[in-house]
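Novice: Mind looking over this structure? Questions follow.
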Ligand code: ADP
């Protein structure tokens with residue numbers, strides 16, 4: 004299997020790039036942000052609880068997102084070439100849980116592709132996206148800054164977790180969408 008983590012701060016382009024990569028490599032896209040927003044739209048108890056964190060720009064508790072991932076892996080294991088994880092894992096505890104869940108299924112993370120984008124550019128992109136995304140957490144500058152801060156404190160250590168395993172590649176995330184896609188494909192093509 005080809006199991007990729009698209010890694011990077013909020014607004015770094017993970018969702019945009021994942022949309023292309025899933026069709027190119029026939030992978031299943033798993034975005035915890037999208038899954039949580041679906042739960043909210045359904046009005047489920049999980050969605051309502053998650054919303055309290057999301058609207059403040061805080062991470063949702065690990066056990067909530069790990070449970071969702073566990074279910075998705077069960078649903079798709081054996082049916083796809085692999086997965087692209089987007090917005091997950093966001094803490095070292097999530098990374099360890101993911102590694103264990105994949106090991107139980109006889110597979111593992113192949114590579115972590117980390118998009119590098121400056122904070123000024125992130126803020127600009129998210130505010131721009133906020134004009135049309137309908138996401139409350141994309142419009143308030145304080146909330147966006149809190150998301151970036153959560154990333155800096157809790158999520159950056161995930162990169163270190165995979166660097167120690169020799170699985171991390173850093174990608175310049177500030178070119179055009181196509182340029183970044185090409186950089187990602189060059190990394191992925193040598194894996195196969
Ligand atoms: P972005 O990458 O632009 O922040 P996401 O859709 O990935 O957008 O995430 C939106 C929000 O959903 C996060 O700020 C957080 O509250 C919640 N969330 C998404 N994924 C996770 C996760 N793996 N762990 C905890 N919270 C998450």
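In my numbering, the protein residues as written are 4 to 195. Don't be surprised by glycine CBs; every beta carbon is placed ideally from N, CA and C.
Does the pairing of the region 79-99 with the region 159-166 give three or more beta-carbon distances under 8 Å?
Specialist: Because the criterion of three Cβ pairs below 8 Å is met, the region 79-99 and the region 159-166 touch.
Novice: Quick one: Cα of residue 111 to Cα of residue 170, how far?
Specialist: Taking the straight line joining both Cα atoms gives about 11 Å.
Novice: Assign residue 2 to one of two classes, buried (16 or more other C-beta atoms within 10 Å of its C-beta) or exposed (fewer than that).
Specialist: The chain is shown from 4 up to 195; residue 2 falls before or after that span and cannot be answered.
Novice: Using a Cβ-Cβ cutoff of less than 6 Å, which residues in the same chain neighbour residue 154 once the five nearest sequence positions on both sides are dropped?
Specialist: Excluding residues within five positions, the ones whose Cβ falls inside 6 Å are 12.
Novice: What does a CB cutoff of less than 8 Å around residue 185 pick up in its chain, not counting 5 residues either side in sequence?
Specialist: Once the five neighbours on either side are set aside, residue 185 has no close Cβ partner at all.
Novice: Under 9 Å between the Cβ atoms of residue 114 and residue 172?
Specialist: Cβ atoms of residue 114 and residue 172: closer than 9 Å.
Novice: I'd like to know whether the C-beta atoms of residue 146 and residue 58 end up nearer to each other than 9 Å.
Specialist: Yes, they are a contact pair.
Novice: In three-state terms, what does DSSP make of residue 80?
Specialist: The answer is coil: DSSP assigns residue 80 none of H, G, I, E or B.
Novice: First and last residue of the beta strand (DSSP E) that includes residue 141?
Specialist: Residue 141 -> no beta strand (DSSP E), and no H or E assigned at all.
Novice: Does the ligand ADP have a heavy atom nearer than 8 Å to the CB of residue 53?
Specialist: Yes, the beta carbon of residue 53 sits closer than 8 Å to at least one heavy atom of the ligand ADP.
Novice: Can you grab the Cα-Cα spacing for the pair residue 141 / residue 130, in whole Å?
Specialist: Looking at the two C-alpha atoms, the distance is approximately 6 Å.
Novice: Taking DSSP's pairing of strands, which residues face residue 173 in a bridge?
Specialist: 117.
Novice: Within 10 Å of its beta-carbon, does residue 15 have 16 or more other beta-carbons around it, so buried, or fewer, so exposed?
Specialist: Buried.
Novice: So the alpha helix (DSSP H) residue 34 belongs to, where does it begin and stop?
Specialist: Element bounds for residue 34: not the alpha helix (DSSP H) but the beta strand (DSSP E), 31-34.
Novice: Quick test of your reading: residue 9 and residue 87, contact by CB under 8 Å. State the CB separation rounded to the nearest angstrom.
Specialist: That pair is a contact at about 6 Å.
Novice: Closest to residue 193 by CA distance: which of 28, 23 and 20 is it?
Specialist: For residue 193, the nearest C-alpha among the options comes from 28.
Novice: I think residue 101 touches residue 72, with their Cβ atoms under 8 Å apart; what is that distance to the nearest whole Å?
Specialist: Their Cβ separation, rounded to whole angstroms, is 7 Å, which keeps residue 101 and residue 72 in contact under 8 Å.
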